[in-house]
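S.K.:
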Amino acid sequence: MSGVERGAFGTRNSYDTVALRVTDPAVLAAHFDPQPEEAAPAPAHKPGRDRYLDLLRALALVRVVIYHNFGWTWLPIVFPSMGVMFALAGSLMVRSLNRPALGVIRGRLRRLLPPMWLFGAVVVPLMLLEGWRPDALHVNWWWGDLAYWILPFSEPPFGASLHTFGGHLPSSWAEQICVPLWYLRAYLWYVLLSPLMLKAMRKLPWVTLLVPLALAFFINSGLVDQSGRLMEAVTDFTTFGSCWLLGMAHQEGLLRRIPQYIVPSIAPLVLMFGYWWLMQSPVENPRFGHDLEAVPVAQAIWSFGAVLLLLHLSPSWERWPKPLERFNGVITLLNSRAVTVYLWHAVALVVTEPLIDPLWSNSFLYHHAQWLLSSQWTPLVLAVPLICLAILLFGWIEDVAAKRRPRLFPYPRRSKGRRRSR
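Once you know that position 364 of the sequence shown is 760 in the working numbering, the rest is easy, because the numbers rise by one and skip nothing.
Below is the structure:
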């Protein structure tokens, strides 16, 4: 799959009756930094945490889940989750690079890979059980490609069409639940290249910021053959590279040195250009209309403009503004389990199908609640507790990867004696 937000679950297939679309990508994703350095979900107001960035990361994850459920093509325009998540990850990477680069890269990989290994330990045996076998034309390469489940330099392989667990799932179930893996591949390459990207940005900041955008135009000009695993990684880099660099520039203080009126004047023009590019692009599916996630150049431009504006507006919140205090728990939880939510939300959405289908056999529900069974909101409502279950079952691996004490459900508790303000 190419790297436009696979979280958009949308360029190549759809989530059948679950109404999930697969363009790339996209949560997950977003991401969203796989595991923020300081994302320990302890005190509600931990010194040094920027709650504004926590809010952006949580919104990005929620948007990815909603988009994968409904396939609303306007959602990536309202909030480009993948660009936001890569920008936040780039910002945290710069903060970490105050230490020796090799140690930082090793630490980031330690946080990234164990959650993916646990995901693969569940998914790969299920695919083999349901008929996944070597490609007859590339038997040797097929076995070699399994190494990408260990180090995702390229997208880990999966079965495009498998048995369906007795007809309970669509034959594309493996492809649907493996879609988020593109994000881990892209994140890995950004982490490996970050020391070089940071040096280039410090020497030629504005040129470096625009290089990925220029490459995106070139790669998608039709002059380059985009087939193959290498070009998938290149497409990801060019689509979201400027967002990662914007996060770096934000952490370095580069954006604060720009006169205050510049970004609010330029960013809307960038967004207008990105929207125009999208409207000029061919429509892959007339039913859904123009999809930002299916047009890499438009997504690169739009994400750059949106992230530029969001980081320019960036307030520094060590404490939540009062209207947001009530959401501290869920935002902290999402930040602490970002990788888990991103990897497993697709599984949760797919699993809702065999939960809903038997309900059609209930005569009362069939005659009086067809609207409920056919509603796209029903899978989302069912998926939320399933995502919470995934956090309980698999989220602890993020604590282990970060060398923290494992916790099943890191929802912060209010301090004793502290009452909710009225």
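Every residue gets a Cβ at the ideal spot worked out from N, C-alpha and C, and that includes glycine.
#1: For L449, which residues of its own chain have a beta-carbon under 6 Å away from its beta-carbon, when the five flanking residues on both sides are left out?
#2: Since E794 and T728 should fall inside the 8 Å C-beta cutoff, what is the C-beta to C-beta distance between them, to a whole number of angstroms?
#3: Taking the C-alpha atoms as reference points, what is the distance between V607 and V458?
#4: Look at the alpha carbon of F805 and the alpha carbon of G725, and state the distance between them as a whole number of angstroms.
#5: Shortest alpha-carbon distance to G499 belongs to which of L588, A690, Q656?
#6: Pick helix, strand or coil for K799, following the three-state DSSP scheme.
#7: Going by alpha carbons, who is nearest to R733 out of G563, Y657, A786?
#8: Below 6 Å CB to CB, which residues in the same chain sit around P553 once its five sequence neighbours on both sides are set aside?
#9: Under 6 Å Cβ to Cβ from G791, same chain only, skipping five residues before and after it: list those, please.
#10: How far does the alpha helix (DSSP H) with K718 in it reach, from first residue to last?
#11: According to DSSP, is A556 part of a helix, a strand, or is it coil?
#12: Are the beta-carbon atoms of V743 and L704 separated by less than 8 Å?
#13: Distance, Cα to Cα, W756 vs M523?
#14: Are the CB atoms of M478 and S699 nearer to each other than 8 Å?
#15: Which value, in whole angstroms, describes the spacing of the CA atoms of V518 and L558?
#16: Measuring straight from C-alpha to C-alpha, what distance separates S712 and V777?
#17: Nearest by alpha-carbon distance to K799: which of L782, L505, R453 is it?
#18: Between P692 and A612, which are expected to be in contact by the criterion C-beta below 8 Å, what is the C-beta distance as a whole number of angstroms?
#19: Tell me, please, whether the segment 761-772 touches the segment 481-497 by the rule of three or more beta-carbon pairs shorter than 8 Å.
#20: Looking only at C-alpha atoms, which of L508, Y671, Y463, G467 sits nearest to V796?
#21: Cα-Cα, which of A645, L584, L626 is closest to L600?
#22: Beta-carbon separation of L565 and V746 under 8 Å?
#23: For the alpha helix (DSSP H) containing F669, list its first residue and its last residue.
#24: Using 10 angstroms around the beta-carbon of S590, count the other beta-carbons present and answer buried if the total reaches 16, otherwise exposed.
#25: Between which two residues does the alpha helix (DSSP H) carrying F515 extend?
M.R.: The short version:
#1: Here residue 449 refers to the residue found at position 53 when the sequence shown is read from its first residue. Cβ neighbours of L449 beyond the five flanking positions: L484.
#2: Residue numbering aside, residue 794 sits at position 398 when the sequence shown is read from its first letter. Residue numbering aside, residue 728 sits at position 332 when the sequence shown is read from its first letter. 13 Å between Cβ atoms; not a contact.
#3: On the sequence shown, residue 607 is found 211 positions in, with the first residue counted as 1. On the sequence shown, residue 458 is found 62 positions in, with the first residue counted as 1. Rounded to the nearest whole angstrom, the C-alpha separation of V607 and V458 is 30 Å.
#4: If you number the sequence shown from 1, residue 805 lands on position 409. If you number the sequence shown from 1, residue 725 lands on position 329. Taken atom to atom, the span from the alpha-carbon of F805 to that of G725 is near 11 Å.
#5: The sequence position of residue 499 within the sequence shown is 103, counting from 1. Ranking L588, A690, Q656 by Cα distance to G499 puts L588 first.
#6: Locating residue 799 in the sequence shown gives position 403, where the first residue counts as 1. Reduced to three states, the DSSP call for K799 is coil.
#7: Walking along the sequence shown from the start, residue 733 turns up at place 337. Taking each of G563, Y657, A786 in turn and checking the Cα distance to R733, the smallest one comes out for A786.
#8: To locate residue 553, count along the sequence shown from 1; it is residue 157. The beta carbon of P553 sits closer than 6 Å to those of D541, all from its chain and outside the five residues before and after it, given in chain order.
#9: Against the sequence shown, residue 791 aligns to sequence position 395. Shown here for G791: same chain residues with a beta carbon closer than 6 Å to its own, the five before and five after excluded, namely R733, T736 in chain order.
#10: For this step, residue 718 is matched to residue 322 along the sequence shown. In the DSSP assignment, K718 falls outside any alpha helix (DSSP H), carrying neither H nor E.
#11: Numbered from its first residue, the sequence shown carries residue 556 at position 160. In the three-state reduction of the DSSP assignment, A556 falls in the coil class, being assigned neither a helical nor a strand state.
#12: Numbered from 1 along the sequence shown, position 347 holds the residue referred to as residue 743. Numbered from 1 along the sequence shown, position 308 holds the residue referred to as residue 704. Contact: no.
#13: For the purposes of this step, residue 756 is taken as the residue at position 360 of the sequence shown. For the purposes of this step, residue 523 is taken as the residue at position 127 of the sequence shown. The alpha-carbon of W756 is positioned some 28 Å away from that of M523.
#14: The count along the sequence shown starts at 1 and reaches residue 478 at position 82. The count along the sequence shown starts at 1 and reaches residue 699 at position 303. Result yes, Cβ atoms of M478 and S699 sit closer than 8 Å.
#15: Numbered from its first residue, the sequence shown carries residue 518 at position 122. Numbered from its first residue, the sequence shown carries residue 558 at position 162. Here the alpha carbons of L558 and V518 stand approximately 16 Å from one another.
#16: Position 316 of the sequence shown, counted from the first residue, corresponds to residue 712. Position 381 of the sequence shown, counted from the first residue, corresponds to residue 777. Whole-angstrom Cα-Cα distance: 33 Å.
#17: Counting from 1 along the sequence shown, the entry for residue 799 is found at position 403. A check of alpha carbon separations from K799 across L782, L505, R453 identifies L505 as the nearest.
#18: The residue given as residue 692 occupies position 296 in the sequence shown. The residue given as residue 612 occupies position 216 in the sequence shown. Contact flag correct, Cβ pair sits at about 6 Å.
#19: No contact exists between the segment 761-772 and the segment 481-497.
#20: Within the sequence shown, the letter at position 400 stands for residue 796. Looking at the Cα atoms, L508 is the closest of the given residues.
#21: In the sequence shown, counting from the first residue as 1, residue 600 sits at position 204. Taking only the C-alpha atoms, the option nearest L600 is A645.
#22: Within the sequence shown, the letter at position 169 stands for residue 565. Within the sequence shown, the letter at position 350 stands for residue 746. In this structure, V746 lies closer than 8 Å to L565 by Cβ.
#23: The residue you call residue 669 lines up with position 273 of the sequence shown. 658-676 is the extent of the alpha helix (DSSP H) around F669.
#24: Residue 590 sits at position 194 when you count from the first residue of the sequence shown. Counting Cβ neighbours within 10 Å, S590 comes out buried, since at least 16 surround it.
#25: Locating residue 515 in the sequence shown gives position 119, where the first residue counts as 1. Here the alpha helix (DSSP H) through F515 covers 497-525.
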